[in-house]
Structures are given as C-alpha cells and as structure tokens.
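Residue numbers (my numbering), protein chains in the order written: chain R, 68 to 440; chain U, 68 to 440.
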C-alpha cells in the first residue's frame with residue numbers, strides 16, 4: 068500500500084468547491100484536544116463568525132460534526148416528534164430527502180410538489196397550511212443543488228409564521244453565495260455545508276436555531292430519535308461559559324479549516340462574496356450561452372453558484388464528455404441528479420471556484436470537448 | 068478575526084492522540100470530488116486496509132463520515148428495530164451510551180451491569196440470555212475508554228452465537244492498539260474511531276459488519292430511524308464495481324488522513340503496533356507506580372493504551388494539576404469521566420502517542436507537578 072496523492076482538479080461541480088491553500092494549511096496544523104481551552108476558544112470564534120455568515124443573533128449556532136446531510140438530519144431529528152405534521156416542499160432531490168427525514172422521525176409529511184427547476188410555489192404552500200391546520204413546521208430548500216433554482220425563503224418563512232408554524236430551511240448551497248438573512252427573514256432552523264460557498268472540505272454542517280426553535284426542542288415530549296444529533300446533549304459541548312461537557316469528539320482539524328474559511332469570508336466581506344458570485348455567474352452565463360448550452364431555470368430564479376444547463380442535441384454520451392473534461396482537462400463539472408440525471412450538467416461557481424480563472428478554464432475546456440462532437 | 072494557530076501539545080489523554088506529520092500533510096492535499104474515480108479508488112484502498120486492521124474479510128467494511136459516536140449510532144440504528152430486545156453490558160460510560168442508543172431506536176435494553184473498572188461478567192451475560200430468550204443482539208464495549216478495562220470479546224461473542232444472537236462491539240479504543248480479531252472471534256458489528264490508536268484526527272468511524280449482520284440489516288421490517296446512517300443507502304456509495312451512487316458528500320480530506328494512517332499501520336505491521344502499545348504500557352506503568360499512582364483496573368484486565376490511575380491523597384485539586392500540565396508543560400492527560408470524574412486521571416498511550424519520548428515527557432512533567440503538592 069502506498070500513500071495517496073490526489074490529482075490537481077479544478078472543482079466546478081455541485082461541491083466540493085476549490086479549497087484555498089490557506090484552508091488546507093490550517094487543517095494540517097497539529098491536532099489538539101477537543102476540550103483544550105485553546106480549542107474551546109476557537110469554537111467560540113466559529114460560532115461568532117457563523118452568526119455573521121447567517122446574519123443572525125441566534126445563540127444556538129454552531130457546526131454539526133458531519134457533512135450537510137447530517138445537518139439536515141440534526142434539524143429534523145430535533146424538531147419533529149412522532150405524529151407531527153410537517154409541510155415539505157419538493158422541487159428537487161433535496162426536498163425529497165427532507166420527506167424521508169420527516170418520516171424516519173415518526174412525523175407525517177404533507178408534500179407540496181413543484182416541477183424540478185421551478186421555485187416553491189407560495190400559493191401551494193398557503194393552500195397546504197389552509198388544509199392542514201395542525202402543521203407546525205414548514206420545510207423547504209432555499210437553493211436546490213439538483214436544479215439550480217432559488218426559492219423565496221423570506222416569503223415562505225413569513226407564510227409559516229402567519230400560520231403559527233416554524234420554518235426549517237436547507238441552505239447547503241446558499242450560505243456565503245447569495246443573500247441569506249436568517250433573522251430578518253424569520254428562519255427558525257437552518258443547515259448548510261462547508262464544501263460549497265464556504266470553500267472548505269466537506270465534513271461539517273453549520274446550523275442555526277432561533278429562540279422559538281430552541282424552545283420547541285427543549286420542550287419535546289419524546290426523546291430525539293438519535294443520541295448523536297440530540298441538541299439537548301450536543302449543546303453542553305458547544306455552549307456555556309468556560310469548561311464544556313464531553314458529548315462526542317469533534318473533528319478538530321476540520322474545524323481548523325472551517326475557522327480559516329470563515330476568517331477569509333470575514334476578510335472579503337459577506338456582501339462582497341455575494342457580489343462576486345453574482346458577477347462570476349454573469350460572465351459564465353454569457354460563455355455558456357455562446358457554446359449553445361441552455362439554462363434549466365428561468366433567469367429570475369437562477370442561483371449564480373449552481374448553473375444547471377442542457378447540452379446540445381449533438382451530445383449523445385454526456386458521461387463521456389464529463390470523463391474527458393476530468394481526465395484531459397482536470398476539470399470536474401457535475402452530472403444531473405435524480406429526475407435530471409443524464410439530461411443536464413451542473414456547473415458550480417461556489418466559493419473560491421467562483422473566479423475568472425476557473426470560468427476561463429471551464430469555457431475553454433467545454434468548447435474543446437464540444438467541438439469534438 | 069484572526070487565523071487560529073493551535074499550541075503544540077503532547078496528547079496523552081483518552082484521544083485524540085498525537086497525529087504524525089505524514090497524516091497531517093496528507094490531509095492538506097488538494098480536495099477532489101467525492102465521486103472522482105481517483106477518490107473512489109482511494110476509498111477501495113481504505114476498505115482493504117480497514118479489513119486488515121480489523122482482521123476480517125467482511126465486505127461491508129468502511130468508515131462512517133463522522134466521529135466514533137456516530138459509528139456507534141450507525142450500528143444500533145441499522146441493527147435494532149422497534150420492539151427488539153438487546154442485552155447491553157454496562158461497565159463504564161460507553162455501555163451507558165449504548166443503552167441510550169438502543170432505546171432511541173425503539174428497542175428494549177436488557178442491562179447487564181458490572182462495576183466500573185471491571186470487565187463484563189460472562190456469567191451475568193449467560194444469565195441474561197437464559198432469562199431473555201428473545202434477545203437477538205448482545206452489545207458490549209471491548210476497551211472501556213472511561214476506565215481502561217478490557218473485556219473478553221472473544222468469549223462474549225461466543226456466548227452470543229451460542230444463544231442465536233448477533234454481537235455488536237465498541238472498539239473505539241482497541242482498534243490498532245490491542246489484539247482484535249473480528250472474524251476469528253465472531254464479531255458481527257463493530258465500530259471504532261480514527262483519533263485513538265490509528266493516530267488520525269477525529270472525524271471518521273471505521274465500521275465492519277459480518278454477513279449475518281448484513282443479512283439482518285437488509286431484511287429489516289421497518290426503515291432505519293435515520294437517513295444519514297441507513298446502510299442500505301450508504302453502501303451504494305461505498306460498494307459496487309466502478310461508479311458509485313451519491314448518498315452524502317464524504318469528508319474528502321479526512322479520508323486522505325485515514326488512508327495515510329492506515330498505510331503507516333501497514334508499514335509498521337499490526338502485530339508490531341500491538342506489541343509497541345504493550346511495551347510502552349510496561350514502561351509507563353513502572354514510572355507511574357514510582358510516582359505513587361495506583362491503577363484503577365486489575366493488571367490482567369488493563370488496557371495498555373488507556374491507563375486510569377488514582378492520584379495520591381496529597382492531591383486536593385486534580386483539575387489544577389491537569390491545567391498546570393497543559394499550560395506549563397503542553398501535556399494533555401485526561402480527566403475522569405462519569406462515575407470516575409474527579410477521582411482518576413486517564414493517561415493515554417495511543418497510536419503515535421505510545422512512544423518513549425512521550426512517556427519520558429509525561430513522567431517528568433507529572434513528577435514536577437506532584438512535587439509541588
């Protein structure tokens with residue numbers, strides 16, 4: 068057995084995105100104990116910087132010690148009790164995953180469906196609330212990674228509040244890439260990932276819970292169907308003055324990386340980061356259209372950081388093209404997922420990958436492989 | 068906000084252990100996609116090397132994308148269905164956590180209790196099987212990190228098999244440090260952590276399931292109470308020829324680290340690693356006894372890699388001594404946990420921390436701080 072040395076890829080898929088060398092170097096610093104006061108101090112800085120990134124004052128803001136899918140499960144496991152009715156909006160892969168989460172926690176999912184590539188319909192959600200007075204939670208995806216569509220999180224959260232329900236939002240692909248105002252929009256529970264617009268390796272899931280969500284969690288009638296994700300236990304490690312109580316062993320070096328990526332976001336400025344994603348999207352869009360690629364999502368609902376495009380009819384083997392991009396150009400773009408598998412490509416412009424150099428590389432490589440068709 | 072630079076500690080607590088620079092450097096290599104063929108090839112090597120470390124041919128051998136506590140939950144979530152009776156052996160903190168896991172999955176825990184610091188009693192387990200004919204799973208901790216005791220995993224698994232039950236074993240602290248023969252002993256499900264005797268940062272949990280355990284999982288009547296840990300989904304990512312199906316985004320750089328630590332274990336040889344832990348324990352033991360520290364566990368049941376010791380009566384503020392060790396000597400040792408909190412120290416000799424240099428450092432620092440009492 069030999070040491071593994073990865074190839075040097077340019078990452079323009081749906082995540083992970085390119086990781087800056089500052090973040091990689093931060094992760095290679097010596098491991099210290101997960102209860103070391105120096106580490107606890109760094110955790111506090113992560114909490115502070117995550118609050119800034121989420122635009123929230125929520126005390127219960129931290130990083131779940133596992134990837135974004137685990138952050139999703141952490142939210143549902145804590146907020147859903149057996150018998151609870153939850154309105155779940157499905158307009159792509161990740162809404163479907165939310166439904167699975169509700170059901171595995173013993174809840175009943177009331178599904179609001181929209182076409183893949185379209186945003187969640189406010190009218191349908193309003194009708195779902197009207198027809199289900201017991202629904203106390205609304206769950207939806209802010210930025211659907213499978214289609215590249217943005218839903219109106221602010222309006223959806225207002226609808227939830229108007230109907231006496233909490234809101235639970237998937238922001239895996241939105242955090243750090245587009246406007247996301249947790250407190251102003253009234254989001255009650257939110258989860259994200261590190262490997263998208265934060266440009267960190269995958270492995271942690273930033274989450275935040277409003278005081279109302281925290282109340283709901285702490286007043287549950289039944290135990291959470293998970294020991295690992297039970298926030299009444301996890302928070303003894305992440306909160307409180309001074310010494311923290313052991314719950315699980317946090318991924319120490321991954322947290323170094325998240326800390327550094329948040330410092331970099333702080334240095335750039337959150338609004339500047341949003342602006343950069345928007346600007347780079349404009350540049351990529353012109354190039355893709357020049358190559359004859361057509362966007363899946365209507366312009367007004369498009370995510371700048373996730374560009375789902377249909378390829379020309381001349382392309383008969385799309386997987387072969389992606390393979391060519393990867394092996395000949397060291398460029399990763401994403402395949403279609405779920406209902407869009409084999410039908411679209413997903414070109415990510417997330418975090419450090421949202422750069423002029425990456426776009427030039429991507430357009431040049433794409434034009435070469437498409438010219439061979 | 069500034070970049071974080073951790074102090075340089077010598078880690079001799081209950082984990083994480085010292086991480087060799089080779090492993091840290093491996094983790095700082097460029098991130099690639101979690102579905103990149105180069106990454107999938109590395110995953111296959113991790114599976115092969117984990118099988119060697121566990122001494123098993125189990126096909127279902129891989130690393131859960133979260134720390135050891137999540138590996139525990141993965142095992143219980145998949146192997147326990149509502150109404151199942153599970154015999155759970157408690158002789159320390161982690162047996163208690165197993166009981167919580169059983170109950171949160173809807174099972175009933177039949178508890179076999181032993182004193183903290185003593186191994187699991189075979190007679191009590193035999194009696195529990197005799198009294199509970201429906202129990203189809205026996206769960207116990209091989210190496211109790213809270214006390215430093217080793218239980219007879221081989222005999223316990225034989226008991227389970229004799230009674231038509233599967234066995235589920237916590238090997239968080241044993242993998243790579245002491246003899247552990249999954250196939251020969253007939254272990255059906257096992258989980259470990261990376262941050263103990265494998266000398267990797269925390270964040271992943273190696274697991275393995277026997278064909279009988281895999282059968283049980285794949286023939287469940289109810290869905291697993293977790294989407295993230297559901298092995299019927301997870302294995303689509305970890306198994307199969309060629310392309311793998313996306314389930315969650317694996318912690319790419321953490322896996323680079325695990326791969327490198329397994330290469331290092333392969334280079335040293337598994338038996339040599341066990342021998343080194345045993346030898347270093349003998350050296351540490353003499354030194355600790357010379358300092359007047361007394362072991363919690365009887366010699367024949369002691370774990371070489373986790374030395375729980377009672378301190379002299381002259382010590383009135385044990386936390387102050389640990390603080391002194393950390394701040395003046397950059398040495399981390401572990402506090403007591405659970406019933407032993409404030410009563411013992413836990414001195415780890417795990418992985419790279421099981422070295423002459425660390426022991427010399429530890430004994431020297433301890434003698435200095437104790438002399439001040």
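Positions of the beta carbon are idealized from the N, C-alpha and C atoms, including for glycine. Since we're looking at a predicted model, the values are computed, not measured.
Taking 8 Å as the cut-off, does the segment 181-196 of chain R touch the segment 214-221 of chain R (at least 3 CB pairs, one atom from each stretch)? yes
Which residue's Cα is closest to the Cα of residue 86 of chain R: R:153, R:439, R:317, R:422? R:422
Residue 182 of chain U classed as buried or exposed, judged by whether at least 16 other C-beta atoms fall within 10 angstroms: exposed
Which of helix, strand or coil DSSP assigns to residue 237 of chain U: strand
Assigned secondary structure, residue 156 of chain U (DSSP; H/G/I helix, E/B strand, else coil): strand
Opening and closing residue of the alpha helix (DSSP H) in which residue 257 of chain R lies: Segment 256-258 is the beta strand (DSSP E) holding residue 257 of chain R; no alpha helix (DSSP H) there.
Note down, in chain order, all residues in the segment 129-161 of chain R with a beta-carbon under 7 Å from any beta-carbon belonging to chain U. 132, 133, 134, 135, 136, 137, 140
Boundaries of the alpha helix (DSSP H) in which residue 343 of chain R is found, first to last residue: 337-357
Looking only at its chain, what residues have a beta carbon closer than 8 Å to the beta carbon of residue 117 of chain R, apart from the 5 residues adjacent to it on each side? 128, 129, 130, 273, 275, 329
I'd like the list of long-range same chain contacts for residue 396 of chain U, defined as Cβ closer than 7 Å, with 5 residues on each side in sequence excluded. 432
CA-to-CA distance, residue 301 of chain U to residue 295 of chain U, given in whole angstroms: 8 Å
Between the alpha carbons of residue 210 of chain R and residue 119 of chain R, how many angstroms are there, rounded? 19 Å
With a 10 Å radius around its C-beta and 16 neighbouring C-beta atoms as the bar for buried, classify residue 285 of chain R as buried or exposed. exposed
With 7 Å as the threshold, decide whether the Cβ of residue 80 of chain R is near any Cβ in chain U. yes
Excluding the five sequence neighbours on either side, which residues of its own chain have a C-beta within less than 6 Å of the C-beta of residue 89 of chain R, listed in chain order? 327
From this set, R:77, R:98, R:171, which residue's C-alpha is nearest residue 71 of chain U's C-alpha? R:98
Measuring alpha carbon to alpha carbon, tell me which of U:269, U:223, U:260, U:261 ends up nearest residue 251 of chain U. U:223
At a cut of 8 Å, does the segment 406-420 of chain U reach the segment 373-393 of chain U through at least three beta carbon pairs? yes
Chain U contact residues for residue 412 of chain R, given Cβ-Cβ distances below 9 Å: None at all; the shortest Cβ gap to chain U is about 14 Å.
What residue range is occupied by the uninterrupted beta strand (DSSP E) comprising residue 414 of chain R? 411-415
Looking at the structure shown, is residue 273 of chain R part of a helix, part of a strand, or coil, going by DSSP? strand
With 7 Å as the limit, tell me which residues of the segment 314-342 of chain U have their beta carbon closer than that to any beta carbon of chain R; keep them in chain order. 315, 316, 317, 318, 319, 320, 321, 323, 326, 327, 330, 333
Those runs of the alpha helix (DSSP H) which lie wholly inside the segment 291-331 of chain U and span at least 4 residues: 298-305
Sorted by chain position, which residues of the same chain lie with C-beta nearer than 8 Å to residue 202 of chain R's C-beta, five sequence neighbours on each side aside? 152, 153, 154, 177, 195, 196, 230, 232
Go to residue 204 of chain U, then tell me how far its alpha helix (DSSP H) extends in each direction, as first and last residue. Per DSSP, residue 204 of chain U belongs to no alpha helix (DSSP H); it is in the beta strand (DSSP E), 204-208.
Using 8 Å as the Cβ pair cut-off and three pairs as the minimum, do the segment 103-114 of chain U and the segment 254-262 of chain U touch? no
Work out the CA separation of residue 248 of chain U and residue 331 of chain U for me, nearest whole Å. 20 Å
Using a threshold of 7 Å, state whether the C-beta atoms of residue 277 of chain R and residue 404 of chain R are closer than that. no
Hey, could you find the ends of the beta strand (DSSP E) residue 79 of chain U is sitting in? 77-79
Give the interface partners of residue 291 of chain U over in chain R, defined as CB-CB distance under 8 Å, in chain order. 171
Chain-ordered neighbours of residue 101 of chain U on chain R, where CB pairs are closer than 8 Å: 83, 269
Check the Cβ-Cβ distances between residue 262 of chain R and every residue of chain U, and say whether any is below 7 Å. yes
Starting from residue 404 of chain R, find everything on chain U with Cβ-Cβ shorter than 8 Å and list it in chain order. 313
Enclosing beta strand (DSSP E) for residue 399 of chain R [first to last residue]: 398-402
Inter-stretch contact (C-beta, 8 Å, three-pair minimum) for the segment 130-148 of chain R and the segment 260-272 of chain R: yes
For residue 80 of chain U versus residue 100 of chain R, is the C-beta spacing smaller than 7 Å? yes
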